[in-house]
Structures are given as C-alpha cells and as structure tokens.
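In our numbering, the protein residues as written are 208 to 455.
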C-alpha cells in the first residue's frame with residue numbers, strides 16, 4: 208500500500224452497466240492507492256438518489272447502451288445529471304468506453320453511432336497533449352476496443368489519443384477528469400466473458416475468437432501493465448491535487 212493509502216482511505220463509486228463489463232484490473236490499482244470501492248449496478252439502482260459528491264472518485268464503466276438512449280434507459284439520464292453535478296464541482300471522474308461517451312454528453316458534446324464498430328486488440332496513438340498524460344503508457348501497446356458509438360470532442364478538454372478509425376480515443380479536463388474510449392480494464396476472465404457473449408460479431412470484422420485469444424496471449428500482460436500505470440498516474444495526480452488544496 209502506498210503512503211497515501213496508509214494515511215487516509217478514499218472512496219470510489221463505480222457505475223456498472225453490465226456484469227460482464229466490470230472493474231477488472233483497475234480494481235487492484237484503486238486498492239493500492241487507498242480506495243474503498245463501492246460498485247453499483249446502474250440499471251437496477253436508483254441513481255437519482257445517490258449523492259453525486261459523496262465519493263472521492265466516480266468510475267463509469269462500459270455497456271451496450273448508447274449515451275443518447277435516455278428514453279430507452281432512463282437511468283442514463285440520472286447518470287448524466289450525476290456527472291454534470293460532479294463536473295460543476297470539479298470532482299474526479301474516470302470514464303471507460305460508455306463512461307467516456309457519457310462524460311462527453313455531460314460536457315455538452317454529441318454522442319452518436321459510428322460508421323463501423325472498432326473491435327479487437329488495436330493501438331491508440333497519444334496526441335501531443337497525450338504524450339504528457341497518463342495515456343502515454345499505451346503508446347505502442349495494443350488494447351481492447353469494442354464499441355460502435357463515438358462522440359465529438361467536448362469544449363474545454365484536451366484530446367489525448369486517437370486511432371485511424373476514431374480520432375477521439377481519450378480526453379481530460381485538468382487533472383481531475385479522464386476519459387478513455389478503449390478498455391484498459393480487461394483481464395483474461397473479462398476477455399473470455401466478452402468472447403462468449405459477443406464473439407458471434409467477430410466474423411463481420413475479419414476476426415475470430417481464436418485470433419483474439421492469440422492476441423490476448425501476446426498483448427494482455429503489456430496492456431495490464433499499461434492500465435496500472437495509466438490509472439496509477441491519474442490517481443497520483445488526484446492525490447497531488449488534494450495536497451495542494453490542503454496547503455492552500
């Protein structure tokens with residue numbers, strides 16, 4: 208446990224949308240930085256009843272929903288209100304895939320279906336700003352992509368990474384808000400669950416479950432190391448921010 212973890216426990220609220228799309232290897236990094244994690248399942252929880260500012264950090268995970276489908280999934284509207292309250296307060300948020308799309312929507316940007324799903328173990332390229340951000344740890348490291356929606360870059364954020372298919376792969380606002388379109392959380396278990404659940408989609412993208420298992424064997428360990436480095440650096444930045452506020 209880090210010195211920061213030993214000195215004070217923090218709380219992380221995780222918004223999960225599907226049991227198969229969980230916290231994965233992000234969990235140990237949160238624990239190492241002294242976070243007590245509470246995971247709630249947004250589809251069956253009264254998100255509107257949650258105090259948006261109670262947790263030190265909110266982590267918003269992926270899902271099959273579209274951030275624009277608030278009529279079909281009313282809890283997404285409640286999540287957007289929660290995120291908007293945290294954004295107003297500059298309270299830390301980390302978003303993954305759907306979580307990044309919801310953050311883009313909460314910041315006033317358009318979220319919409321892309322022309323084609325981005326699926327597989329693929330690289331993202333850090334931008335100039337991204338090279339000086341936690342996302343730099345994924346430079347040259349293939350990571351899991353599995354999404355069909357995308358978003359316009361919100362005003363007042365920095366784009367941190369791009370890919371040949373979708374230019375908005377990660378963004379941040381100052382040191383407290385970080386969003387990634389790709390999936391740094393994927394473990395072997397999560398990978399297998401996704402292949403079981405959605406593997407029938409793969410032939411449409413020239414892929415197979417066998418190929419993705421081979422790529423997981425090659426890229427999984429470096430991707431998990433990059434994930435720990437990315438989240439760890441982000442959390443360290445939050446800790447430094449807290450110390451600065453305390454000193455002020």
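For glycine and all other residues, C-beta sits at the position ideal for the given N, C-alpha and C.
### Query
For the alpha helix (DSSP H) that contains residue 228, what are its first and last residues?
Element bounds for residue 228: n/a, residue is neither H nor E.
### Query
What separation, rounded to the nearest whole angstrom, lies between the Cα atoms of residue 371 and residue 347?
14 angstroms
### Task
Find out if the Cβ-Cβ distance for the pair residue 393, residue 241 is shorter than 8 angstroms.
no
### Query
Does the beta-carbon distance from residue 351 to residue 377 come in below 8 angstroms?
no
### Message
I'd like to confirm the pairing. Which residues does DSSP put opposite residue 201 in its beta bridges?
### Response
The requested residue 201 does not occur in the structure, where the chain is confined to residues 208 to 455.
### Task
Please go through the stretch 296-377 and give each complete beta strand (DSSP E) segment of 3 or more residues, from N-terminal end onward.
300-303, 318-329, 350-358, 365-369
### Query
Nearest to residue 335 by CA position, among 368, 218, 364, is which residue?
368
### Query
Is residue 384 helix, strand or coil when you go by DSSP?
strand
### Query
Among 283, 322, 329, 328, which residue has its Cα nearest to the Cα of residue 307?
283
#### Entry: Host beta strand (DSSP E) of residue 403 (start-end)
Here residue 403 belongs to no beta strand (DSSP E); instead the alpha helix (DSSP H) covers 395-405.
### Task
Please name the residue, chosen from 344, 327, 324, 325, that lies closest to residue 333 on a Cα-to-Cα basis.
344
### Query
What span of residues does the alpha helix (DSSP H) with residue 242 cover, start to end?
Element bounds for residue 242: not the alpha helix (DSSP H) but the beta strand (DSSP E), 242-248.
### Query
Grouping DSSP H, G and I as helix and E and B as strand, with all else coil, what is residue 235?
helix
### Message
By the three-class DSSP mapping on this structure, what secondary structure does residue 217 have?
### Response
strand
### Given residue 444 as reference, the closest of 433, 277, 383, 304 once Cα atoms are compared
383
#### Entry: Supposed contact pair residue 274 and residue 312 - C-beta distance, whole angstroms, cut 8 angstroms
5 angstroms
### Task
With a threshold of 16 other CB atoms inside 10 Å of the CB of residue 356, please say whether the residue is buried or exposed.
buried
### Task
Enumerate in chain order the residues of its own chain whose CB-to-CB distance from residue 280 is below 6 angstroms, with the five nearest sequence positions on each side excluded.
272
#### Entry: Separation of residue 262 from residue 219, as counted between CA atoms
6 angstroms
### Query
Taking all protein chains shown into account, do 16 or more other C-beta atoms lie within 10 angstroms of the C-beta of residue 260, making it buried, or fewer, making it exposed?
exposed
#### Entry: Backbone CA spacing between residue 322 and residue 430 [nearest angstrom]
26 angstroms
### Task
Pull up the distance between the alpha-carbon of residue 325 and that of residue 353, whole angstroms please.
6 angstroms
### Message
Spatial neighbours of residue 472 within its chain, please: C-beta separation below 6 angstroms, excluding the five flanking residues on both sides.
### Response
This structure leaves residue 472 out entirely; the chain is present only between 208 and 455.
### Query
So, is residue 226 buried or exposed, given that buried needs 16 or more other C-beta atoms within 10 angstroms?
exposed
### Query
Near residue 210, what residues of its chain come up, given a Cβ to Cβ distance below 8 angstroms and the 5 sequence neighbours on each side ignored?
With a pLDDT of 48 at residue 210, under the threshold of 50, the modelled position of this residue cannot be trusted; read the value that follows with caution. Same-chain partners within the cutoff: there are none.
### Task
Output the boundary residues of the alpha helix (DSSP H) element that contains residue 430.
416-454
#### Entry: residue 297 to residue 331 span [Cα, whole Å]
27 angstroms
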